[in-house]
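Report on the following structure.
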Amino acid sequence: RGLVDAKIMSRAWATKNNSVSPQNYAQKEENFAARNTNGTGQFMLKSREADVKTVLVANPNWWDKIDGNVTEIVYTPIKADATRVAALVSGEVDFVLDPPPQDIPRLRQAGNLKIADGTETRIIFFGMDQWRDETPYASVKGKNPFKDKRVRQALYQAIDIDAIQRSLMRGLAVPTGSMIAPQVNGYTDDTSKRMPYDIEKAKVLLRDAGYPNGFDVTLDCPNNRYINDEKICQAVVAMWEKVGVRAKLNAMPRATYFQKIQKFDTSLYLLGWATATFDGLYTLQSLIRSVRENSADGNFNLGKYSNAKADALVDQIKTEVDERKRNAMMREVLQIHAEDIGHLPLHQQIIPWAMRSNVSVTHRADNRLDARWVRID
Numbered sequence: 016r017g018l019v020d021a022k023i024m025s026r027a028w029a030t031k032n033n034s035v036s037p038q039n040y041a042q043k044e045e046n047f048a049a050r051n052t053n054g055t056g057q058f059m060l061k062s063r064e065a066d067v068k069t070v071l072v073a074n075p076n077w078w079d080k081i082d083g084n085v086t087e088i089v090y091t092p093i094k095a096d097a098t099r100v101a102a103l104v105s106g107e108v109d110f111v112l113d114p115p116p117q118d119i120p121r122l123r124q125a126g127n128l129k130i131a132d133g134t135e136t137r138i139i140f141f142g143m144d145q146w147r148d149e150t151p152y153a154s155v156k157g158k159n160p161f162k163d164k165r166v167r168q169a170l171y172q173a174i175d176i177d178a179i180q181r182s183l184m185r186g187l188a189v190p191t192g193s194m195i196a197p198q199v200n201g202y203t204d205d206t207s208k209r210m211p212y213d214i215e216k217a218k219v220l221l222r223d224a225g226y227p228n229g230f231d232v233t234l235d236c237p238n239n240r241y242i243n244d245e246k247i248c249q250a251v252v253a254m255w256e257k258v259g260v261r262a263k264l265n266a267m268p269r270a271t272y273f274q275k276i277q278k279f280d281t282s283l284y285l286l287g288w289a290t291a292t293f294d295g296l297y298t299l300q301s302l303i304r305s306v307r308e309n310s311a312d313g314n315f316n317l318g319k320y321s322n323a324k325a326d327a328l329v330d331q332i333k334t335e336v337d338e339r340k341r342n343a344m345m346r347e348v349l350q351i352h353a354e355d356i357g358h359l360p361l362h363q364q365i366i367p368w369a370m371r372s373n374v375s376v377t378h379r380a381d382n383r384l385d386a387r388w389v390r391i392d
């Protein structure tokens, strides 16, 4: 999928404008291609006012076929939820990519509007520090509770995922026990089954692990990255409290959040991960493979989960060309990870797009609006 989605550049244009080689971001280099289009896309830039309005028009010389009938796109960023919805209802805009979840039921009832629901490949999950001998943001001294599988399982089984789906996400979520989605190559139903919600079992697991009275820990969480991210964390904090794990919520904007957790400066965190290539290796290598410096291995394995057998399989998957063997290895990695309870998967996000009733779109699982397939009747 990565190859077929590659963007085409005009060699003549790139050569003429000294843009054949990628710019060097580390040296803050900027070449001509950074701010100028080369004309091979289906739309051309007509005008742009940063943070105000960007206008694109159809490229009459585009090399491929457009199935839709859109000839001009006016992109208007509207930060406030209420203002964005009001613009759609009034007809000021035809389409809203990110309507607020609380307004979806009302918008579904509006006669002049419609909602297109699409299930993302993104999985929302919790990660835990599994590498330090003493995790920095917990009350337990001299050891790391998250190194004990029983503690990880207790946190997992203390989460009432159905309550989150029903009350918090308003049905806009698909609970899962897997780190990859059904739309992704390598997914299997048997590796996606969730362990049951069981508070009493969670209490027993914590007691057996040596924490009959639980412990305190800080939960790091973004508050503007995923749908209801902070609210999910708030809900789970209350659920964990019932089994004795007292999580202190540390919510922050994503700009600050990712700077923190990508330095492994966390004991417990919420993250979302979409398989951009639609192939399971993308996720297995980034989230499950052990961290290896100066490589893509474990680049978002922020709790440093590690299993030598899973690592060996992931490395084999990278070069295996037999699809059946490759998929079998991906299934085995997912089984190992699920058995280890390497992360605490929650759900896939269901992303609703809101639009005027005369607009037709194709909702992609990567949550991208492709203007080639948009029709306005």
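If you're matching positions, the sequence shown starts at 16 in our numbering and goes up one per residue.
For every residue, glycine included, the Cβ atom is placed at its ideal position computed from N, Cα and C.
query, result
"Work out the CA separation of A270 and S193 for me, nearest whole Å.", "27 Å"
"May I ask you to verify whether the stretch 160 to 176 touches the stretch 249 to 256, counting CB pairs closer than 8 Å and requiring at least 3?", "yes"
"Could you name the residues that DSSP lists as bridge partners for L299?", "In DSSP, L299 forms no bridge with anything."
"I need the DSSP call for I214, collapsed to helix, strand or coil.", "helix"
"Pull the bridge partners of G190 from the DSSP assignment, please.", "It is Pro, not Gly, that sits at residue 190 in the sequence shown. Partner(s): H362."
"From which residue to which residue does the alpha helix (DSSP H) around F273 run?", "R269 to I276"
"Look up V111 in the DSSP assignment and say whether it is helix, strand or coil.", "strand"
"Can you tell me whether T30 is helix, strand or coil according to DSSP?", "helix"
"Looking at the ligand NAP, does it come within less than 7 Å of D177, judged from the CB to the closest heavy atom?", "Looking for the ligand NAP in the displayed structure turns up nothing, as the structure carries no ligands at all."
"Below 8 Å on the Cβ atoms is my guess for V72 versus M59; work out the distance and round it to an integer in Å.", "6 Å"
"Looking at A369: is its Cβ nearer than 8 Å to the Cβ of P114?", "yes"
"State yes or no: is the C-beta of D132 within less than 8 Å of the C-beta of P367?", "yes"
"Which residues does DSSP pair with G126 in a beta bridge?", "None, per the DSSP bridge assignment."
"Under DSSP, the alpha helix (DSSP H) around K43 begins and ends at which residues?", "Looking at the DSSP string, K43 is not in any alpha helix (DSSP H), and its letter there is neither H nor E."
"At which residue ranges does the stretch 340 to 389 contain complete beta strand (DSSP E) runs of 3 or more residues, listed in the order of the chain?", "359 to 371"
"Is it the case that the Cβ atoms of Y284 and I303 are separated by a distance below 8 Å?", "no"
"Nearest to P211 by alpha carbon, out of R240, A178, N238 and P75?", "A178"
"With H, G and I counted as helix, E and B as strand and the rest as coil, what does DSSP make of V260?", "strand"
"Let me know the secondary structure DSSP gives I247 once reduced to three states.", "helix"
"In three-state terms, what does DSSP make of P227?", "coil"
"Quick one: what's got a C-beta closer than 6 Å to D205's C-beta in the same chain, skipping five residues either side?", "none"
"Give me whichever residues DSSP pairs with N265 in a beta bridge.", "D235"
"What three-state label does DSSP hand E308 in the structure shown?", "coil"
"Assuming F161 contacts Q145 under a Cβ cut-off of 8 Å, what Cβ separation, rounded to an integer in Å, is found between them?", "5 Å"
"Roughly how many whole angstroms lie between the Cα atoms of R16 and L296?", "Caution is warranted here: a pLDDT of 48 is assigned to R16, below 50, making its placement in the model unreliable, and no coordinate value can be reported."
"Tell me the rounded alpha-carbon separation between A196 and K31.", "43 Å"
"For R16, which of helix, strand or coil comes out of DSSP?", "The predicted position of R16 is uncertain, since its pLDDT is 48 and thus under 50; no value can be drawn from it."
"Between the stretch 232 to 241 and the stretch 147 to 160, do at least 3 Cβ pairs fall closer than 8 Å?", "yes"
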